[in-house]
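S.K.:
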Amino acid sequence: MSTVMKTTRDVKGIGLSIPRPDGPEKVTGQVQYVADLSPRGLLHAKLLRSPHAHARILRIDVSRARALPGVRAVLTAADIPELKRKAPTRAHAVLAIDRVVFAGQPVAAVAADEPAIAEEALDLIDVQYEVLPVSADPLEAMKPGAPPVADAGTEADTSEAQAHGSVAGVTTEAKPAKAVNISQQARIQRGDVAKGFAESDVVIEKTYRVPMVHQGYLEPHAVLAQWDTTGFLTLWSSTQGSFNTRSEVADVLELSENRIKVIPMECGGGFGGKIRALCEPITAILARATGRPVRYVMTRREELEAGMPAPQVIIRLKTGVKRDGTLMAIEGEAVLESGAFSGAVLAVSGVFLASLYLWPSFDVKGFEVLTHKPSIAAYRAPVAPQTIFAIDSQMEQLAKAIGVDPVEFRLRHLQREGDKMANGQPWLSNGGAEVLTRLAEHPLWKKRAEWKASSPKGRLRGTGLSLGGWLGGLQPTGATVRLNPDGSVQVLTGQVDIAGTNIALAQIAATAYGIDVDKVRITTGDTDVAPMTGLSAGSKTIYTVGVAVMEAAKDARNQTLEIAAKELEASVHDLEIDNEKVVVRGVPDKGITLAQIGKKGNLYMSKVQPVLGVSHPAFSQQAPAFCAQLAKIEIDPETGEVTLHDFVVVQDVGKAINPLAIEGQMQGGAVQSLGMALTEALVYDDKARLTNPSLLDYRKLTSADLPNIETIIVEKPSPHGPFGARGVGEPPIVPAPAAIANAIEDATGVRLTELPLTSERIALAIASAT
Amino acid sequence: MAKLVLNCTVNGEPAEVLVQPWDTLLDALRERMGLTGPKEGCGTGDCGACTVHLDGKPIASCLLLAMQARGHVVLTIEGLGRPGALHPLQDAFVRHGVPQCGFCIPGVLMAAAALLTENPHPTEEEIRYGIAGSLCRCTGYTKMLAAITETAGAAAGRRS
Ligand code: FES
Ligand code: FES
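In the order they appear, the protein sequences are chains L and H. Note that my numbering numbers the first sequence so that position 695 is 695, with each residue one more than the last. Note that my numbering numbers the second sequence so that position 150 is 920, with each residue one more than the last.
Spelled out as structure tokens, the structure:
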């Protein structure tokens with residue numbers, strides 16, 4: 001995993017802004033997503049979903065639905081022998097058995113010749129419910145006596161936390177006796193916070209709230225399932241990780257994993273919401289029941305009502321500081337609302353709250369609470385934007401209260417490499433200080449006083465910034481690199497390419513092997529052919545799969561040179577690859593082309609082995625990656641309307657393998673962050689039913705809401721990433737909520753603590769402050 | 771219910787297909803004609819992924835009944851350009867590295883193409899509003915703006 005590669009000459013490889021090679025197919029509508037597949041005999045699936053958030057199912061009558069012409073199967077839980085009364089995960093809760101625990105939970109499934117027939121069949125299914133009391137609010141749900149969500153308490157599901165490579169070492173506490181809906185809790189503690197507050201000159205205590213939000217991928221969940229006559233299942237899936245999908249489906253269906261093939265189709269966005277299996281099991285079961293291929297595509301309404309959104313996060317923080325700027329103590333708790341099944345990443349929140357900045361004493365508790373809402377999943381840097389919103393808002397207010405420069409204040413206390421995190425582990429090399437320093441040099445920050453002073457009559461102008469990051473995910477993974485008989489190079493992984501990571505992996509292979517990237521082809525294989533590959537999640541594709549590709553390419557290069565050495569009767573050490581030819585250094589005429597070597601590996605009766613580079617590493621060292629963002633805004637204090645004039649993203653990427661693709665990640669992440677800051681919320685009524693299940697009412701930002709997003713890439717090499725690269729995907733979604741809240745305070749003097757920062761909230765806050 | 775015959779022009783060719791009375795134009799294109807370029811992101815007119823041109827104007831094909839297109843001229847992303855013969859907007863989208871997941875791209879391109887036909891020299895503001903009916907969750911729109919602006923500029927350059 002060395003970061004310094006010896007290439008014999010500069011090839012077209014890493015560091016270049018190369019557009020993805022599948023671009024022409026993407027812009028012409030030729031790439032295929034699951035919903036674009038229509039095999040012969042295709043049936044369409046629809047699910048009947050519970051209108052109640054909590055109810056007992058008394059009776060289901062499907063006889064009229066089964067009798068409808070064109071209907072091929074109508075299933076309830078009673079028809080599926082594999083279903084367990086106590087579903088350990090959301091994927092196992094294929095159809096509700098006798099109780100529904102969130103509105104939108106599937107209770108029956110139909111497969112029919114046409115989608116319209118399947119829908120008509122749903123109307124003919126008669127379900128009698130006994131409606132039960134709900135836990136709709138996490139703070140209420142935590143209390144003893146609240147309506148229980150899980151059947152007999154619940155088990156923590158921390159697999160998400162592991163996939164995202166978060167933080168070990170946070171102690172888990174036993175839960176108090178009667179709080180049935182608390183599924184995980186943890187506490188991190190150091191020093192004496194009471195003493196710290198007693199010695200503080202300024203103590204600020206605030207509670208921050210971030211509602212459930214949806215990942216918002218534009219392509220709804222979709223899957224196509226087909227069985228062959230031997231009982232072998234093929235799934236075409238919109239997934240962030242085909243191997244994970246295969247494992248989950250195998251577990252639910254009690255099938256051997258080698259009886260399932262998952263073909264990852266083009267994925268129309270996931271952002272964490274397409275990691276865990278959701279509708280794969282029921283689609284497979286319908287295909288088994290009918291003996292036909294079955295396609296299931298969720299509607300947008302189903303996505304919003306019954307997808308796997310991000311948790312609601314409520315964080316109370318109390319912080320103390322001395323007049324001279326010395327941090328003294330932090331105390332508080334984070335409540336993560338996970339909906340009906342456990343799965344929140346509790347530890348990330350604790351580590352950022354207690355140890356992004358150096359607190360001599362801290363005491364932070366974390367609770368995961370279940371409610372009668374759809375269970376949550378990861379959303380790009382799970383829980384980091386919510387946590388940074390709280391801690392960064394708090395830092396800004398402390399700096400203001402004692403009258404020091406907010407950037408210097410953050411930089412003074414920011415933990416550096418080697419400092420101990422709250423869990424006792426040291427912070428690893430990162431560019432947190434560098435990105436913040438770089439942003440503070442930006443003219444928009446330097447001229448913030450002028451901007452504020454330039455406010456026209458009836459308008460208020462302000463500037464805010466924030467610093468946030470992500471610790472970086474890890475997962476074992478594999479790759480192979482082959483030399484073809486024509487001298488071209490072929491890379492194979494199982495990596496689902498959503499954002500354009502394959503071109504960056506090809507660039508890594510090119511540089512590591514010593515050939516131009518146009519001679520490298522990279523393929524994403526299905527679970528039958530590809531080496532085991534991790535998820536497209538956790539900002540770890542380049543950081544981990546990139547290492548596998550780099551090592552496999554080096555392996556292929558070494559094999560190539562060894563074959564050449566024999567052929568040329570030269571020492572391997574005297575050879576180099578130049579212009580698709582292995583040559584002896586200093587003897588330009590003596591050489592053999594890559595095509596000649598490739599051919600020897602594929603000739604009848606040849607004694608030369610084919611070149612096959614293989615790497616399948618596991619990892620232990622994360623690479624934290626930081627991002628700082630600045631917002632320059634103008635507010636109409638009457639209406640509370642915010643106009644974003646400029647937005648700047650500065651991010652440490654370690655080494656920019658493909659700057660074009662990285663800019664796209666930074667811009668897209670920033671806009672998701674701004675959406676969380678300004679407009680997005682899943683809004684539930686007191687019966688835990690979603691009140692805004694459409695994209696009209698679940699407001700995402702459009703091109704008309706935004707300025708251009710300026711990107712500044714900082715490169716502080718990571719010790720273990722390929723060529724020094726760090727993860728890129730997640731950091732840019734983290735800082736905007738705090739940056740916007742800080743900008744609003746700069747403009748108006750009002751501090752807002754509840755997202756989204758809608759016009760209404762801003763106007764009300766301004767009105768009540770004056 | 772009996773299927774109906776839909777006659778219209780699709781991507782420059784006359785088309786005749788059987789559709790259900792309740793089929794939307796998007797259903798007819800995707801499920802009955804195999805033109806899966808237009809995408810369904812919502813089915814309720816809120817995301818723009820299904821945008822096609824009807825007689826040169828951008829419409830949400832998920833909101834139009836298929837039979838309402840009878841006798842009209844429909845253009846989908848498949849008719850805008852193809853690999854090897856890209857429309858200038860498509861070419862600019864590729865070079866600027868716009869597509870990430872790609873799901874919004876057919877709709878955005880159809881909206882942008884209609885905008886440039888209507889208004890060959892749009893301001894940045896006009897482009898922002900021109901494609902505001904199309905949601906993109908991946909790109910943050912910045913590179914789209916650059917690609918559309920460049921195409922409009924280049925077209926202006928060719929004309930003068
Ligand atoms: S699918 Fe037509 S607007 Fe969303
Ligand atoms: S590229 Fe994914 S939604 Fe636009």
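Idealized CB from N, CA, C, for every residue including glycine. The model shown is predicted, which means the values in this text are computed figures rather than measured ones.
Measure the beta-carbon distance from residue 500/L to residue 627/L and round it to whole angstroms, keeping in mind my assumption that it falls under 8 Å.
M.R.: Not a contact, Cβ separation roughly 19 Å.
S.K.: What is the residue span of the beta strand (DSSP E) that residue 790/H lies within?
M.R.: Residue 790/H -> no beta strand (DSSP E), and no H or E assigned at all.
S.K.: By Cβ distance, which residues of its chain are closer than 7 Å to residue 166/L, with the 5 residues on each side in sequence left out?
M.R.: Confidence is the limiting factor: at residue 166/L the pLDDT is only 46, short of 50, which leaves the residue's position unreliable and the question unanswerable from this model.
S.K.: Any idea what DSSP makes of residue 226/L, helix, strand or coil?
M.R.: It is a strand residue.
S.K.: Could you check whether the Cβ of residue 703/L sits closer than 8 Å to any Cβ belonging to chain H?
M.R.: Yes, its Cβ sits closer than 8 Å to a Cβ of chain H.
S.K.: What does residue 694/L touch in chain H if you count any residue whose Cβ is under 8 Å from its own?
M.R.: Those within 8 Å of residue 694/L in chain H are 812, 814, 816.
S.K.: Quick one: what's got a C-beta closer than 7 Å to residue 17/L's C-beta in the same chain, skipping five residues either side?
M.R.: The answer, listed in chain order, is 658, 659, 660.
S.K.: Counting only C-beta atoms, is residue 882/H closer than 8 Å to chain L at any point?
M.R.: Not one chain L Cβ lies under 8 Å of residue 882/H.
S.K.: If you drop the 5 nearest sequence neighbours on each side, which residues of the same chain put their C-beta closer than 8 Å to that of residue 707/L?
M.R.: Closer than 8 Å at Cβ, skipping near neighbours: 644, 645, 646, 647.
S.K.: Is any non-hydrogen atom of ligand 1 found closer than 7 Å to the C-beta of residue 816/H, if you look at the structure I gave you?
M.R.: Checking the Cβ of residue 816/H against ligand 1 gives yes.
S.K.: What are the start and end residues of each continuous beta strand (DSSP E) run of 3 or more residues lying completely inside the segment 817-866 of chain H, in chain order?
M.R.: For the segment 817-866 of chain H, whole beta strand (DSSP E) runs of length 3 or above, ordered along the chain, are 821-824, 827-830, 843-845.
S.K.: Let me see if you follow: with CB-CB separation under 8 Å, is residue 869/H close to chain L or not?
M.R.: For residue 869/H, the answer is yes, since a Cβ of chain L falls inside 8 Å of its Cβ.
S.K.: With a threshold of 7 Å (Cβ to nearest heavy atom), would residue 813/H be considered close to ligand 1?
M.R.: Because some heavy atom of ligand 1 lies under 7 Å away, the Cβ of residue 813/H counts as near it: yes.
S.K.: In chain H, what lies closer than 8 Å to residue 740/L by C-beta?
M.R.: Residues of chain H passing the Cβ test: none, with the nearest at roughly 15 Å.
S.K.: Would you mind telling me which residues of chain H sit closer than 7 Å to residue 30/L, beta carbon to beta carbon, in chain order?
M.R.: Chain H residues near residue 30/L: 853.
S.K.: Is residue 807/H close to chain L? Criterion is C-beta to C-beta, closer than 8 Å.
M.R.: Closer than 8 Å: yes.
S.K.: Hey, how far is the Cα of residue 723/L from the Cα of residue 732/L?
M.R.: Taking the straight line joining both Cα atoms gives about 21 Å.
S.K.: What separation, rounded to the nearest whole angstrom, lies between the Cα atoms of residue 375/L and residue 410/L?
M.R.: Whole-angstrom Cα-Cα distance: 35 Å.
S.K.: Whose C-beta lies closer than 6 Å to the C-beta of residue 296/L among residues of the same chain, with five residues either side of it excluded?
M.R.: Cβ neighbours of residue 296/L beyond the five flanking positions: 45, 223, 279, 283.
S.K.: Quick one: does the C-beta of residue 810/H sit closer than 7 Å to a heavy atom of ligand 1?
M.R.: Within the cutoff, so yes.
S.K.: Comparing the C-beta of residue 848/H with each C-beta of chain L, is any distance below 8 Å?
M.R.: Yes, residue 848/H counts as interfacial toward chain L.
S.K.: Per DSSP, which residues does residue 295/L bridge with? Please list them.
M.R.: Paired residues: 44/L, 224/L.
S.K.: Considering only DSSP beta bridges, list what residue 520/L is partnered with.
M.R.: The partner list for residue 520/L (beta bridge, DSSP) reads 489/L.
S.K.: Could you spell out where the alpha helix (DSSP H) holding residue 109/L opens and where it closes?
M.R.: It is not in any alpha helix (DSSP H) - residue 109/L instead sits in the beta strand (DSSP E) that spans 106-112.
S.K.: Mind pulling the chain H residues with CB within less than 9 Å of residue 300/L?
M.R.: Correct list: 810, 811, 812, 813, 814, 816, 817.
S.K.: Could you give the residue range of the alpha helix (DSSP H) that holds residue 666/L?
M.R.: Element bounds for residue 666/L: 659-678.
S.K.: Would you check if there are 3 or more beta carbon pairs closer than 8 Å linking the segment 412-423 of chain L to the segment 357-375 of chain L?
M.R.: Taking 8 Å as the limit for Cβ pairs, the verdict is that the segment 357-375 of chain L does touch the segment 412-423 of chain L.
S.K.: Counting only the same chain and skipping the five closest in sequence on each side, list residues whose C-beta sits under 6 Å from that of residue 20/L.
M.R.: For residue 20/L, where only same-chain residues beyond five positions count, the Cβ hits under 6 Å are 500, 503.
S.K.: With a cut-off of 8 Å on the beta carbons, I'd call residue 496/L and residue 875/H a contact; round off their distance for me.
M.R.: Going by Cβ atoms, the distance from residue 496/L to residue 875/H rounds to 18 Å, so no, they are not a contact pair.
S.K.: From residue 306/L to residue 923/H, what distance separates their C-alpha atoms?
M.R.: Each residue's alpha carbon lies about 45 Å from the other.
S.K.: Mind checking if residue 922/H is an interface residue toward chain L, Cβ cutoff 8 Å exclusive?
M.R.: So, not an interface residue.
S.K.: Which one of 384/L, 712/L, 341/L, 320/L has the shortest CA to CA distance from residue 350/L?
M.R.: Residue 350/L has its Cα closest to that of 384/L, out of 384/L, 712/L, 341/L, 320/L.
S.K.: What's the C-alpha gap between residue 629/L and residue 636/L?
M.R.: One C-alpha to the other measures close to 23 Å.
S.K.: Can you give me the C-alpha to C-alpha distance between residue 368/L and residue 41/L, rounded to a whole angstrom?
M.R.: Straight-line Cα distance between these residues: approximately 45 Å.
S.K.: So, helix, strand or coil for residue 651/L, using DSSP?
M.R.: Residue 651/L falls in the strand class under three-state DSSP.
S.K.: Could one say the Cβ of residue 266/L lies closer than 8 Å to chain H's Cβ atoms, at least one of them?
M.R.: With 8 Å as the cut-off, residue 266/L counts as an interface residue toward chain H.
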